[in-house]
Amino acid sequence: MPSLTRSPGSTAAPAALPTADEAVTHTLLNCLLREVSGPEHQNVVADGHLLLRLPRRGVLLRVALRRTSLLGAHRFRGPVRERRDGAWVEVDWRRLATYTHDELFLRTGVSNEEFLEQIASSHDAITAALAGPRTGQPQNGQAHDSRLGAYLASEQSLLFGHRFHPTPKARTGDPRAWAEYAPEAGAAFPLRHLAVRADLIAEEAADPSATAALDRQRTDVPDGYRLLPAHPWQYVTLRAHPALRAALDRGDVLDLGRGGRPFAATASVRTLYDGETFLKFSLNVRITNCLRKNSAYELAGAVALTRALVPALSDLAGRFPGAAVLREPAYRTLALPGPDGMPDLALFEGLGVIVREGLPQRLAPGARPLLAAAVADEYPTGPAHVSCLLDGAGPREALDWWSAWLGLLLPPVLAAYFDHGLVLEPHLQNVLLCVDGSGRPVQALFRDLEGTKLVPEHHRDTLAALPPEVAGPMTYDAQRGWDRVVYCLLVNHVAELLAALADLYPEAEAALWARVRAALQEYAQDHGCPPRLAALLAGVPLPAKANLLTRWERRADRDAGYVRLPSPLAEDLLRDTTRSAR
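The opening position of the sequence shown corresponds to residue 12 in my numbering, with each subsequent residue numbered one higher.
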């Protein structure tokens, strides 16, 4: 593989922001390389370019490389071109999207009439984000000079989304509503508040005080009613529902309007934060893959998991004080009876809100939380980017910074799986990388219990005590759980943050992977080396979630398949073995 790196000891400047056209074509190429052409050996790196063939469509593509990657997750620059009539002709994003559509149809025999429209939606969203103001801070009165302001700026800095998802910014809904509620627009706004007759409220709490985060939003709730906060956009979506309309007319539900302190949109769009508590709302808008609503089993499951995880999380906190998990101790929703006497499901799920602990409950003193996805972004779209944290430091300091983060991130995730049968989901958008005043990592915070699962053989009693419709979605078998852990931890998180560091220090990529291997070995030595971890250290291929194929076949994320990537850990092992033999 030809070298595209700079001279030893040099530090590269962060890449300039791409156009929307470049972002979409590069993302599609990433997906094709990882899931289609790569596994079928239809690609090669030569003369500073990636050549990639779509074998069924009969198209040969080429793109210039900024940097090669040991994982095959190369960095591209400039336009994509195709070989046509003996010349290299530029391919715009629409044509590449059509080629991708055709290749997937010819490969799978499955059609997907939504696919091109979703790519266009993602392109529109990126175009709008690039055209909007980027102050690096949330709008609408949020703090500009505090840890909260820096944290929210990191949540709201993701202009391009997941670079291995074909439609990372796809969305439905009125574009004008998006402008008001989108995180990349710096959205912060008061909630809509409903007062609901107490007997029409459904709620559950792992701690009696957990619902106080909901009740404190308004003080003007009439006697006999309970407060139900709603996402303003969701309320507009549901207010014409006949049962809700009738309840408003009867006075069973009172619309108190919008009010209270503003909540800021985080990267997930539907999870909002006011500096004290996260509230995860349902939002009947398709974002990336699916409608972002809290299903009934997810409402109950969040509280059930919070209860069930008390012993495991207490053990992990004692062993790994530099890591913590944000619990989800309560939910509340509207339980209006439908024609069958059961709660109307559209309203039960559509107005369900999950309470998640805020940062004050778990954040270490003096630590500054930042969304890991913003730290690891391919492009420096905000002040949380790793280039800002390192601020011109040399390769040695960067390696020390990297080791500090790996020491906080890897051990608790591995111990959760091996010791407690707990599948955490530490992908970049589920982890807060917390730094001290110098920008050095000091704490890892994990969030979003929706993706957290239990391995059944570790939790038989807990699962048996739950309704089957709640227990079933809460589990992964041991192998699927391990694939999920390795994908989220190493491929989505570690490899992408490592790539951002390698962009700054291209000559250090192998050394960065060596630090990953060393951190895994240290855990194995200190906590035992189960067979799955031994295989990982031996360099077995790494599972990468097949986002392109999953989206094409319209499968649920839970049912996503994996492709296998050659492990850079194997390369380190082989180099070590070769040196030892000399």
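Ideal Cβ positions, reconstructed from N, Cα and C, are used throughout, including at glycine.
Checklist entry - The alpha helix (DSSP H) with Asn41 in it runs from where to where? => result By 1-based counting over the sequence shown, the position of residue 41 is 30. From DSSP, the alpha helix (DSSP H) with Asn41 extends over 31-43.
Next on the checklist: Are the CB atoms of Ser578 and Pro542 within a distance shorter than 9 Å?
Outcome noted: Working through the sequence shown from its first residue, we reach residue 542 at position 531. Working through the sequence shown from its first residue, we reach residue 578 at position 567. Taking 9 Å as the Cβ cut-off, Pro542 and Ser578 do not qualify as a contacting pair.
Checklist entry - Cα separation between Arg92 and Leu382? => result By one-based count along the sequence shown, residue 92 stands at place 81. By one-based count along the sequence shown, residue 382 stands at place 371. Answer to the nearest angstrom: the Cα atoms are 35 Å apart.
Next on the checklist: Just to confirm the assignment, what range does the beta strand (DSSP E) spanning Val364 have?
Outcome noted: Counted from its first residue, the sequence shown places residue 364 at position 353. Element bounds for Val364: 364-368.
Checklist entry - Excluding five sequence neighbours on each side, which residues of the same chain lie with their C-beta closer than 7 Å to the C-beta of Gly361? => result Taking the first residue of the sequence shown as 1, we reach residue 361 at position 350. Once the five neighbours on either side are set aside, the close Cβ partners of Gly361 are Gln245, Leu249, Ser293, Asn295, Lys304.
Checklist entry - How would you call Leu435, buried or exposed, if buried means at least 16 neighbouring beta carbons within 10 angstroms? => result Position 424 of the sequence shown, counted from the first residue, corresponds to residue 435. So Leu435 ends up on the buried side.
Next on the checklist: At the level of alpha carbons, what is the spacing between Arg272 and Ala196?
Outcome noted: Position 261 of the sequence shown holds residue 272. Position 185 of the sequence shown holds residue 196. In a straight line, the C-alpha of Arg272 is about 19 Å away from that of Ala196.
Item to check | Bridge partners - Leu65, DSSP secondary structure assignment | outcome: Here the question's residue 65 lines up with position 54 in the sequence shown. Per DSSP, Val70.
Checklist entry - Using DSSP with H/G/I as helix, E/B as strand and the rest coil, what is Glu533? => result On the sequence shown, residue 533 is found 522 positions in, with the first residue counted as 1. Three-state DSSP puts Glu533 in a helix.
Next on the checklist: Using a Cβ distance threshold of 8 Å, determine whether the region 183-199 contacts the region 418-435, with at least three qualifying pairs required.
Outcome noted: The region 183-199 makes no contact with the region 418-435: fewer than 3 CB pairs, one atom from each, lie closer than 8 Å.
Item to check | Coil, strand or helix - Tyr390 by DSSP | outcome: Within the sequence shown, residue 390 is the residue found at index 379, counting from 1. Reduced to three states, the DSSP call for Tyr390 is coil.
Next on the checklist: Can you list, in chain order, the residues of its chain with a C-beta nearer than 7 Å to that of Ala510? Leave out the 5 residues immediately preceding and following it.
Outcome noted: Numbered from 1 along the sequence shown, position 499 holds the residue referred to as residue 510. Cβ neighbours of Ala510 beyond the five flanking positions: Ser80, Ala84.
Checklist entry - How would you write the range of the beta strand (DSSP E) that Arg1 sits in, first residue to last? => result A question about residue 1 goes unanswered here, because the residues of the chain that appear run from 12 up to 593.
Item to check | Length of the line joining the Cα atoms of Leu370 and Ala307 | outcome: The count along the sequence shown starts at 1 and reaches residue 370 at position 359. The count along the sequence shown starts at 1 and reaches residue 307 at position 296. Our two residues, Leu370 and Ala307, have alpha carbons roughly 26 Å apart in a direct line.
Checklist entry - With Glu507 and Leu425 assumed to form a contact (beta carbons below 8 Å), what rounded beta-carbon distance in angstroms separates them? => result If you number the sequence shown from 1, residue 507 lands on position 496. If you number the sequence shown from 1, residue 425 lands on position 414. Approximately 19 Å separates the beta-carbon atoms of Glu507 and Leu425; this is outside 8 Å, ruling out the contact.
Checklist entry - Under the rule that 16 or more other beta-carbon atoms within 10 Å means buried, what is Gln490, buried or exposed? => result For the purposes of this step, residue 490 is taken as residue 479 along the sequence shown, with counting starting at 1. Exposed is the call here.
Checklist entry - When the Cβ atoms of the region 166-177 are set against those of the region 36-51, are three or more pairs found closer than 8 Å? => result Between the region 166-177 and the region 36-51 there are three or more C-beta pairs closer than 8 Å, enough to call the two in contact.
Checklist entry - In whole angstroms, what is the alpha-carbon distance linking Trp374 and Leu500? => result On the sequence shown, position 363 is the one that residue 374 refers to. On the sequence shown, position 489 is the one that residue 500 refers to. The identity of residue 374 in the sequence shown is Leu, whereas the question assumes Trp. Cα to Cα, the separation comes out at about 21 Å.
Checklist entry - Which term fits Thr183, buried or exposed, when burial requires 16 or more other beta carbons within 10 angstroms of its beta carbon? => result The count along the sequence shown starts at 1 and reaches residue 183 at position 172. Result: exposed.
Item to check | Exposure label - Arg78; buried when at least 16 CB within 10 Å | outcome: In the sequence shown, the residue the question calls residue 78 occupies position 67. Buried, because 16 or more other Cβ atoms sit within 10 Å of the Cβ of Arg78.
Next on the checklist: Measuring only the C-alpha atoms, how far is Pro29 from Thr486?
Outcome noted: The residue labelled residue 29 in the question sits at position 18 within the sequence shown. The residue labelled residue 486 in the question sits at position 475 within the sequence shown. Spanning the alpha carbons of Pro29 and Thr486 requires a straight line of approximately 40 Å.
Checklist entry - Out of Ala581, Arg569, Trp563, Gly572, which has the shortest C-alpha to C-alpha gap to Val121? => result Position 110 of the sequence shown holds residue 121. Comparing Cα positions, the closest option is Trp563.
Checklist entry - What separation, rounded to the nearest whole angstrom, lies between the Cα atoms of Arg526 and Gly312? => result Locating residue 526 in the sequence shown gives position 515, where the first residue counts as 1. Locating residue 312 in the sequence shown gives position 301, where the first residue counts as 1. Their Cα atoms are separated by approximately 37 Å.
Checklist entry - When burial is assigned at 16 or more other CB atoms within 10 Å of the CB, is Asp388 buried or exposed? => result In the sequence shown, the residue the question calls residue 388 occupies position 377. If you draw a 10 Å sphere on the C-beta of Asp388, you find 16 or more other C-beta atoms in it, and that means buried.
Item to check | CB-CB length for Leu515 against Leu401, believed under 8 Å | outcome: Numbered from 1 along the sequence shown, position 504 holds the residue referred to as residue 515. Numbered from 1 along the sequence shown, position 390 holds the residue referred to as residue 401. Leu515 to Leu401, Cβ: 7 Å. Contact.
Checklist entry - If you drop the 5 nearest sequence neighbours on each side, which residues of the same chain put their C-beta closer than 8 Å to that of Gln532? => result Walking along the sequence shown from the start, residue 532 turns up at place 521. Around Gln532: Leu548.
Item to check | Same chain only: Cβ atoms within 7 Å of Tyr534, ignoring 5 sequence neighbours per side | outcome: As a first step, residue 534 must be located in the sequence shown, where it is residue number 523. Apart from sequence neighbours up to five positions away, the residues of its chain that approach Tyr534 with a beta-carbon distance below 7 Å are Leu421, Pro422, Leu425, ordered along the chain.
Item to check | Residue span of the alpha helix (DSSP H) that contains Val314, given as start and end | outcome: Counting from one through the sequence shown, the residue named residue 314 turns up at place 303. Bounds of the alpha helix (DSSP H) holding Val314 are 307-319.
Checklist entry - Pick from Phe200, Tyr236, Gln228, Asp218: whose alpha carbon is nearest that of Ala209? => result Indexing the sequence shown from 1 puts residue 209 at position 198. The option with the nearest alpha carbon to Ala209 is Tyr236.
Checklist entry - Straight-line CA distance for Arg261 to Leu477? => result As a working note, residue 261 is residue 250 in the sequence shown. As a working note, residue 477 is residue 466 in the sequence shown. Arg261 and Leu477: Cα-Cα distance of roughly 35 Å.
Item to check | Residues bridged to Cys445 (per DSSP) | outcome: Position 434 of the sequence shown holds residue 445. Listed as beta-bridge partners of Cys445 by DSSP are Pro380, Gln454.
Next on the checklist: Across the region 332-345 and the region 446-462, are there enough close Cβ pairs to call them in contact, namely three or more that are closer than 8 Å?
Outcome noted: Touching, yes, given that three or more Cβ pairs across the two stretches are closer than 8 Å.
Next on the checklist: Check for me: the alpha helix (DSSP H) holding Glu191 runs from which residue to which?
Outcome noted: In the sequence shown, the residue the question calls residue 191 occupies position 180. In this chain, the alpha helix (DSSP H) harbouring Glu191 covers 186-192.
Item to check | Span of the beta strand (DSSP E) around Thr288 | outcome: Along the sequence shown, read from residue 1 onward, the residue named residue 288 stands at position 277. 288-292 is the extent of the beta strand (DSSP E) around Thr288.
Checklist entry - Taking Leu443 as the reference, which of Arg64, Arg158, Val56, Ala136 has the closest Cα? => result Stepping through the sequence shown from its first residue, residue 443 is reached at position 432. Taking the Cα of Leu443 as reference, the smallest distance to any Cα among Arg64, Arg158, Val56, Ala136 is reached at Arg158.
Item to check | Under 9 Å between C-beta atoms of Ser220 and Ala181 | outcome: By one-based count along the sequence shown, residue 220 stands at place 209. By one-based count along the sequence shown, residue 181 stands at place 170. Not closer than 9 Å, so no.
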